[in-house]
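Q: Here it is, the structure, as C-alpha cells.
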Amino acid sequence: MAKIGLLVLTKPTKLARILPVIKQHVNKTLYVQLYPGRQRLINSTPSGENALNGPHHGSAVIGIYSQATAICQNLDIRVLLAGLKDPFLSKIHTRKQIEVVIFDRIFNKDEVDYFLNSCLLNATQKCQIVTLNGTEDSVSDNLDILHPSHGSSVVCRMAESLSIDRMLTNKDCKMHKNVVLGGTFDRLHAGHKILLSEAVLHCTRKLTVGITDTSMLKSKLLWEMIEPCAVRMCSVEDFLQDVDPGLQYDIVPIYDPFGPTKEDPDMQLIVVSTETYKGGLKVNELRHENNLPALDIHTVNLLEAIPEHTDEEEEEKISSSNRRMRLLGTRLRVPEARTLLPRKPYIIGLTGNIASGKSSVGQRLENLGAGLLNCDTLAHSVYMRGQPCYDAVVQHFGKEILGDDGEINRKALGTVVFNSKEQLEKLNAMVWPVLLNRAKEKIQVLFEAGYQIVVMEAAILLQAGWDQHVHEVWACIIPPEEVIGQVEAKKKIVT
1 MAKIGLLVLT KPTKLARILP VIKQHVNKTL YVQLYPGRQR LINSTPSGEN ALNGPHHGSA
61 VIGIYSQATA ICQNLDIRVL LAGLKDPFLS KIHTRKQIEV VIFDRIFNKD EVDYFLNSCL
121 LNATQKCQIV TLNGTEDSVS DNLDILHPSH GSSVVCRMAE SLSIDRMLTN KDCKMHKNVV
181 LGGTFDRLHA GHKILLSEAV LHCTRKLTVG ITDTSMLKSK LLWEMIEPCA VRMCSVEDFL
241 QDVDPGLQYD IVPIYDPFGP TKEDPDMQLI VVSTETYKGG LKVNELRHEN NLPALDIHTV
301 NLLEAIPEHT DEEEEEKISS SNRRMRLLGT RLRVPEARTL LPRKPYIIGL TGNIASGKSS
361 VGQRLENLGA GLLNCDTLAH SVYMRGQPCY DAVVQHFGKE ILGDDGEINR KALGTVVFNS
421 KEQLEKLNAM VWPVLLNRAK EKIQVLFEAG YQIVVMEAAI LLQAGWDQHV HEVWACIIPP
481 EEVIGQVEAK KKIVT
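Counting from 1, position 403 in the sequence shown corresponds to residue 403 in the UniProt record's numbering; the numbering is continuous, with no gaps.
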C-alpha cells in the first residue's frame, strides 16, 4: 500500500467505478491528472476536450471531487490543474513524491516509460505501475460487484456535471490575470478544493486568497476548534502550489469581510459560492464607493453532503462545521511526548469553562476505572488556616478578607481580586504553585492506590501552564448562551 499515488484519468465518468480499487493501492494522497479522451501519452496533439481552456474543465474537476467525497472520504484528493489550463504542458511536478502511478486504461510500455521518465518529475525510484482495466466492459462489471451502491448514482451526477460544459457562456470561460476569493478554510475539504480550483482555472497570473482571522469567527459553530489562521493559510498555499505551481499566490489574513478587495485596483474577478454571492455584490458596492472597477463574479455551487454520512444536527452541505462536530470526543492530535513525566500514572488534564461539563466527564471516566482529582475543589483547601497559602494571602490582602471564624472569606477575597486584574494575578502567583504541588501529591496517592490513569480536573489547566504536567489535555466546550442558561437555572433553584 502506497501513501502517495497519481491517477492518470482519461475518462472521468469511470472514476466512481475505479475509486474502490484505488483505495486498495493508496491510503493518504491521490493526485489526479485529467487527460479527457486521451488515447496516447506520446506525441498527442491536444484536440477536442484536451484543447479547451481551464474554465471549460471546471465541471469535470467538480465531478471528481464530488465522487471522491462519496467514496474516498479519507483520501486527500488533489486534481492537478496546470495541464488543464495549458494542454501543451507535459511536465507534472507534485510537492509529494509519487509512489504509485495508476492508469485507468492500457497504454503500451513505451508510452508508460515516456510518461515516467519525461513527464513525472517527482516519483520514487521504485515507483509502481497499476493498470486498472483491460476492456472497459469487463472492468465495469467487476467494479459493480466491488461497490454497487455508489457507482451508478455518482456516475449519473458526473454525467450531468460534464454536460454543463456544453452550456458554458463566454463570460464563464473568460480568464483573468488577477483573481481573488476569501473564506475560513478550516481543515480543507472537497468544497474548499472546488472553490480554490475554480479560482485557479480562471486565473492566469496572480491569485489572492483572504483567510478569515480567528477574531472574526466567534459566531461560527465550535469556533474554538477552528485551526489557527497561520495553519489554515499554510494548508491553502500547500494545496494551491501543488495543483498549479505556475501562478503567483498571495495568501493573506483578513480582519473584515472585504480584505484587500476594498483597495486593490488590479483585481478583476472574485470567486464566491452561492452562499456568499451577496457578499460579492457588497464588495462591488464598496469598490464603487472607492472609485475602483467592479469585479466580475464567478459563482460556484455548494457541494451537498452525503446523506448516509451526516448526523441530524449537521448541515446538508459539505462544511467545516460538520467536520468539527465529528471531531468532538476524538483526539485532535497525537499527544506530545512528556519526557520529564513518569510514564505511570498516565495523567489526563481535563479542563473547560464553568458549566461546560467537566465534572460529568470526570465522573464518567472515574466510573470507567480512572482516578479522579478535582483541582477546583482542592484549591479551596490550600488557603485554609494552617495551610501553606493562608499567611501569604492574609498578609497581602489584609485581615478585611477574614470571616468571624478566622478563615479566609472567599466572597470577600473574590470582591477584591475580580475587580483588579493585578490583584488576581498576585493571588494566582501565590496559590497556583502550591496547588500544583498538592495536586502532584494527590496523584501519587491515587497511583499507589492502584490507579494507572488519573484525571486531573482543573479549569485553570491551560492558563496556569499545567498542560506540561499532564500527558494529554481534554477540553470541554459549551456555547456561551448555554452557559448563561444553566447558570440562570441554578440561580432560580437556589432562590
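Even for Gly, the Cβ is constructed at its ideal location relative to N, Cα and C.
The model shown is predicted, which means the values in this text are computed figures rather than measured ones.
Taking C-beta to C-beta, are residue 370 and residue 453 nearer than 8 Å?
A: Yes.
Q: Check whether the region 463-480 and the region 343-363 are in contact - that is, three or more C-beta pairs closer than 8 Å.
A: Enough Cβ pairs lie closer than 8 Å, so yes.
Q: Can you list, in chain order, the residues of its chain whose CB lies under 7 Å from that of residue 80, leaving out five sequence neighbours each side?
A: Cβ within range, chain order: 31, 32, 33, 92, 243.
Q: Tell me whether residue 149 is buried or exposed, calling it buried when 16 or more other Cβ atoms sit within 10 Å of its Cβ.
A: Below a pLDDT of 50, predicted positions are generally treated as unreliable, and residue 149, at 30, falls in that range; no measurement from the model is reported.
Q: CB residue 500 to CB residue 7, shorter than 8 Å?
A: Within the shown structure, residues of the chain are numbered from 1 to 495, placing residue 500 beyond reach of any answer.
Q: For residue 164, collect the residues of the same chain with a Cβ closer than 6 Å to its Cβ; drop the 5 residues on either side in sequence, then sort them by chain order.
A: Its pLDDT being 36, under 50, residue 164 is placed unreliably by the model, and nothing is read from it.
Q: Extract the residue ranges of the alpha helix (DSSP H) inside the region 369-408, only unbroken runs of 4 or more that lie entirely within it.
A: Whole alpha helix (DSSP H) segments, 4+ residues: 375-382, 390-397.
Q: Is it buried or exposed, residue 143, if we count other Cβ atoms within 10 angstroms and call 16 or more buried?
A: Since pLDDT at residue 143 reaches only 32, below the 50 mark, its modelled position is unreliable, and the value read off the structure follows with that caveat. Classification of residue 143: buried, given that the 10 Å Cβ count is 16 or more.
Q: Where are the alpha helix (DSSP H) runs, 4 residues long or more, that stay fully inside the region 59-146, in chain order?
A: With a minimum length of 4 residues, the continuous alpha helix (DSSP H) runs that stay inside the region 59-146 are 82-85, 109-114, 136-146.
Q: If contacts are defined as beta-carbon pairs under 8 Å, then residue 123 and residue 132 qualify, I think. What distance do you get, rounded to the angstrom?
A: The Cβ separation is near 18 Å, so there is no contact.
Q: Does residue 367 pass the burial test, meaning 16 or more other C-beta atoms within 10 Å, or should it be called exposed?
A: Classification of residue 367: exposed, given that the 10 Å Cβ count is below 16.
Q: Give me whichever residues DSSP pairs with residue 206 in a beta bridge.
A: 178, 248, per the DSSP bridge assignment.
Q: Just to confirm my understanding: we take residue 432, look at its own chain, exclude 5 residues before and 5 after, and list those with CB closer than 6 Å. What are they?
A: 464.
Q: Give a yes or no on contact between the region 446-460 and the region 325-339, applying the rule of three or more CB pairs nearer than 8 Å.
A: With the cut-off at 8 Å, the region 446-460 and the region 325-339 do not touch.
Q: Helix, strand or coil: which one does DSSP assign to residue 55?
A: Residue 55 falls in the helix class under three-state DSSP.
Q: Helix, strand or coil, according to DSSP, for residue 363 in the structure here?
A: DSSP places residue 363 in helix when its eight states are reduced to three.
Q: Mind checking residue 384: buried by the 16 CB within 10 Å criterion, or exposed?
A: Under this definition residue 384 is an exposed residue.
Q: Please list, in chain order, all residues of the same chain as residue 140 whose beta carbon is under 7 Å from its beta carbon, the five residues on each side excluded.
A: For residue 140, the predicted model reports a pLDDT of 33, less than 50, meaning its position is unreliable; a value from the coordinates is still stated below. Only 17 meet the Cβ criterion.
Q: Quick check: what's the CA-CA separation for residue 20 versus residue 238?
A: So the alpha carbons of these two residues sit roughly 27 Å apart.
Q: Since residue 100 and residue 2 should fall inside the 8 Å C-beta cutoff, what is the C-beta to C-beta distance between them, to a whole number of angstroms?
A: Indeed they touch by this definition, with Cβ atoms about 4 Å apart.
Q: Could you give the distance in angstroms between the alpha-carbon of residue 51 and the alpha-carbon of residue 88?
A: In this predicted model, residue 51 has a pLDDT of only 46, less than 50, meaning its place in the structure is not dependable; the value taken from the coordinates is given anyway. Cα to Cα, the separation comes out at about 9 Å.
Q: Given a threshold of 16 other Cβ atoms within 10 Å of its Cβ, counted over all protein chains shown, does residue 186 qualify as buried or as exposed?
A: Classification for residue 186: buried.
Q: With a CB to CB cut of under 7 Å and the five nearest residues on each side skipped, what residues in its chain are close to residue 223?
A: So the qualifying residues of the chain are 217.
Q: Ignore the nearest five residues each way along the sequence and tell me which others in residue 439's own chain have a CB closer than 7 Å to its CB.
A: Closer than 7 Å at Cβ, skipping near neighbours: 373, 375, 378, 456.
Q: If distances are taken between C-alpha atoms only, which option among 483, 411, 437, 177 comes closest to residue 358?
A: Per the Cα distances, 483.
Q: Let me confirm a value: residue 381 is counted as buried when at least 16 other C-beta atoms fall within 10 Å, else exposed. Which label applies?
A: It counts as exposed.
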